[in-house]
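Here the numbering used here is used: position 456 in the sequence shown is 720, and no number is missing along the way.
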Amino acid sequence: MKRCVLFVLVALAGSSTVAAQPRGPAPPGHPRLFLDAEVRAAWTAQARQTGSAVAGSIAACTAIAADRDRYGRDLYMGLDWARNLQHCLVAWAATGADAHARTALVYYQALLDDLVVPGDGKGGDQAANRDSGFAIRALGPYTAIAYDWLHDHPAMTEALRAKARRRWAAWTTWYLANGYRARSPSTNYHAGYLAAVTFIAIAQRGEADAAGDALWRLVTDELWGKDMAKALAPGGVLDGGDWGEGWQYGPLAVVEYAAAARAMAAQGVRVDGVRAWADAVLARWVHGRAPGGGIYPGGDTQWEEPNLPPNPNTLYAVLIAGASPDHQAWAAGELAGVTAKIEFPLWAALAAAAGVKPTPVPRASWPTSYLAGGTGAYFARTGWGADATWVVSQCNHTIDVDHSHNNAGNFVLSRGADDVIVDPTPYGSLSTLTGNAPTVESAQLPAEYKPSQAWWSERTGFAWARQTASGVIATRCDYADQYKFQDRPSDVPAAVRDLVVIPWGTGATAVVIDRAASGDPARALHLQFRTPAALTAKGAQAVGVVGKTALRLTTLATTGGTAAASHDGAGSCFTDAWTRGNCAAARFPVDQWRLQVPGPTMAAIHVIDAVDRQAGLPSTTSTRTGDVTVVAAPAAGFAVVVGGGAALGYRGPAAARHVVLDGPTDATVGVSAVADGDGCKVTVAAGTAGVAISGRPRVFAVGADCAIAVDAAAPQAATAGPLVDGGAVVPPDAAWPDGHAPADGPVAAPASPRSARSGCCGAEAAPGAPVAMAVVVGLAWLALGRRRRRA
């Protein structure tokens, strides 16, 4: 397809920079890339170990030499020949056998000259230009390593070395001028290009005259000294170890970055931030795994399940980059449970050469939440057991990468191995309707991109993303700036999603509160929740089952519109049914609960219960007192409170956890309560009268005797520092109404325009003010009094 390819408890300190670069002569002799005495010794020992990566490469190279017809044809962009070359280079380095070196040279020359079969002469200077330069990631890195390792082999003549240097000059010159994403870190094209030019610059240094010197300066001063230094710095796109394009593309890209950074360090070029990044890659791996074992994609994928199978390249990156010792040991421990086929054998062998003793990740002692600051992805779970509830919440301004989705406010939820609320976004979608993110129709976006979010935002982000000691998870995403169109300000004054997940009993309940304003009755708020469950709908509810989990979706309140369930089979956004900007397809079959809330001001509350299918589902109500609405489920022991101003008072359940989303905006408030019938009258006010609580949202337990106990913030593994309330605040006059039962009664639980996206999909693979938002969202709260629901 064209253009288609830890644990950190405090903010990363300092900035990522490249130290003063060596300007003297090139180091004498070869090899210069990876193959030092320690690696050779490790591989020689591992050659005799059955099942090792090195032993596998020896066997593979032997098979390749014995059956040139089978292994001779390259099927895609040089990747098959590059794999053959890697096997034979490792085999030669481990054994010294000349036969392995000569087999390696066959594929080295094929990558330099050919396209389909060795000797066809159809490659050459233009071979790397394929697919906007994607092929350079196969041609450049591995020919450079072969040149370096076999530099003095009798068959590596000076004429053959000179040919390689000419090819490299043609490939790298073309790519810098014409290749895709040459200066854009956190894109897979960039990772392939950076590995290629880094290895080439090192391998030929001192042997390629002025052109070689110029490439070395480009690599050190520009690509590493500026581009990667910025990306690795706190707040950079790589901060937090996530991959902006998603983890179909991330595994190969991060191992290419890791290997290139290691190669630079061996030349005396220190790049600050690499170790912290490698540690964060492991942290994202651990926190980004669902209880069922899959990896949250976080971007484009064709995988027809909610989460991706673990890919060992991610862990190789941690070992190769020189992560801190404990993270290397944990990465080796995680590798023991990964059975995927090795597609890039050099990196598997180099990771194994570290000789790290595998150690299980001490998950029980780790925080249960993690924020990847570079991508705005927040991962949280109720525990590390196989039956935990796991949530991913996403909210970030546009980052300059491909394969990411315009989905601020998106979330997924799993209960144990059951993926209950899923994101089935198909490959190449440019639509917000394919996941679970909310969106508001903008008047200024092109028709083929309505009603989706756009690609130019600068201020979108979490106001908060936190977990408490009792396991409550709360995020607030302000996404009003998602409707900025190129240089035009957003025409959506307010758009906020609150997500609160409260664990209880055998599962959890998620309360989703959406508030927005468009200023136009025809410009609606679009909401959808997608699930693999077969939904049965009745009134304002729908129920279904996923594995051992009973799911209930309830539209508890809305200012307008009627929710409905529907089914989507597997589909694609590349059909005549819609444009890629308003696509609602799914990459695997799902049911969905959809609601359109008409403007000009819109609000809705949804409750999502996910518990053991043998357990009962709680009754959840919404009640209004003055300007405050309380969403409560006494049987589940929680209340979520919205609305209220500087002096917030409300009646809520006793013996329950309360989550107060709005009210006073002061950094610290005092909370007190007195008995009121079978509940408690709670007051939240500025100052410290009562029990002092700092930060937002305010989460606390109200005892049976109405005593207040703070549910303190839990430790968080984060690389972006603590979040600061970004101003997404509901004004004092906003309120939800009293609820009433739906006419049909409750349903019982069942018994049982951006640039073209880039990259190679098969090879692992931009574009309102808080005060204005506060005013218009207040109107949405008041309007909601006309429509009420209870379950």
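Where a beta carbon is used, it is the ideal one built from N, C-alpha and C, also for glycine. Source: prediction; values computed, not measured.
Sequence-distant residues of its chain with Cβ nearer than 8 Å to residue i (five each side left out)
i, result
"R526", "F298, I584, A585 and G586"
"V501", "P449, S450, A495, G508, G638, T639, I663, D664 and V665"
"A604", "P573, P574, N575 and P576"
Proximity of residue i and residue j at Cβ, strictly below 8 Å
i, j, result
"Q792", "N700", "yes"
"H667", "T689", "no"
"G916", "G890", "no"
"D975", "V966", "no"
"P961", "V935", "no"
"V303", "A617", "yes"
"P449", "D384", "no"
"A910", "A950", "yes"
"A973", "A918", "no"
"R740", "H661", "no"
"P862", "V686", "no"
"A788", "E705", "yes"
"Y406", "A346", "yes"
"G647", "T632", "yes"
"R431", "V381", "no"
"P564", "Y713", "It should be pointed out that residue 564 corresponds to Asp in this sequence rather than to Pro. No. Outside cutoff."
"A248", "G499", "Past the edges of the chain, shown from 265 to 1055, lies residue 248, and the structure says nothing about it."
"D683", "A554", "yes"
"V582", "H591", "yes"
Coarse secondary structure for residue i, derived from DSSP in three states
i, result
"N577", "helix"
"L799", "coil"
"W630", "coil"
"G476", "helix"
"D762", "strand"
"R539", "helix"
"I663", "coil"
"K945", "strand"
"W842", "coil"
"Y914", "strand"
"G990", "Note that G990 has pLDDT 45, beneath the 50 cutoff, so the model's placement of it is unreliable and no number is given."
"F964", "strand"
"H922", "strand"
"V318", "helix"
"T326", "helix"
"R401", "helix"
"Q350", "helix"
"L599", "helix"
"P589", "helix"
"H364", "helix"
"T818", "strand"
"Q805", "strand"
"A396", "Sequence inspection shows Ser at residue 396; the Ala mentioned does not correspond to that position. Helix at S396."
7 Å Cβ shell around residue i - same chain, five flanking residues per side excluded
i, result
"W435", "A392, I400, L403 and G404"
"A1033", "Because the pLDDT at A1033 is just 34, under 50, the model does not fix this residue reliably, and the value given afterwards should be weighed accordingly. The answer is none, since no qualifying residue turns up."
"N348", "I328, Y335 and Y371"
"C325", "H351, C352, A355, H364 and T367"
"G941", "none"
Residue i at chain C interface by Cβ criterion, 8 Å
i, result
"A814", "Of the chains in the structure shown, none is chain C; there is only one protein chain."
Close Cβ partners of residue i (< 6 Å) along its chain, the five nearest in sequence each way excluded
i, result
"A317", "A612, A613 and A616"
"F902", "I766, A920 and R921"
"G927", "G908, L912 and V948"
"Y743", "A672, G673, T724 and A759"
"T703", "T696, P715, S716, Q717 and H790"
"T932", "A956 and S958"
"S629", "none"
Those residues which DSSP pairs with residue i across a bridge
i, result
"R645", "W654"
"I685", "L677"
"C741", "F726 and R761"
"R794", "Q856"
"R779", "V760 and A867"
"I466", "I466 pairs with nothing; no bridge assigned."
"T732", "A977"
Count the C-beta pairs between the stretch 775-795 and the stretch 855-870 that are closer than 8 Å, then say yes if the count reaches three, no if not.
yes
Count Cβ pairs between the stretch 874-882 and the stretch 762-771 that sit closer than 8 Å; are there 3 or more?
yes
Does the stretch 451-464 come into contact with the stretch 513-531, if we say contact requires no fewer than three beta-carbon pairs (one atom in each stretch) closer than 8 Å?
The answer is yes - the stretch 513-531 touches the stretch 451-464, with three or more Cβ pairs under 8 Å.
Contact between the stretch 556-563 and the stretch 496-511 (3+ Cβ pairs under 8 Å):
Verdict: yes, contact present.
Is there contact between the stretch 710-726 and the stretch 743-751, where contact requires at least three CB pairs shorter than 8 Å?
yes
Okay, do the stretch 836-847 and the stretch 801-809 touch, 3+ Cβ pairs below 8 Å being the bar?
A contact between stretches requires three or more CB pairs, one per stretch, nearer than 8 Å, and the stretch 836-847 fails this requirement with the stretch 801-809.
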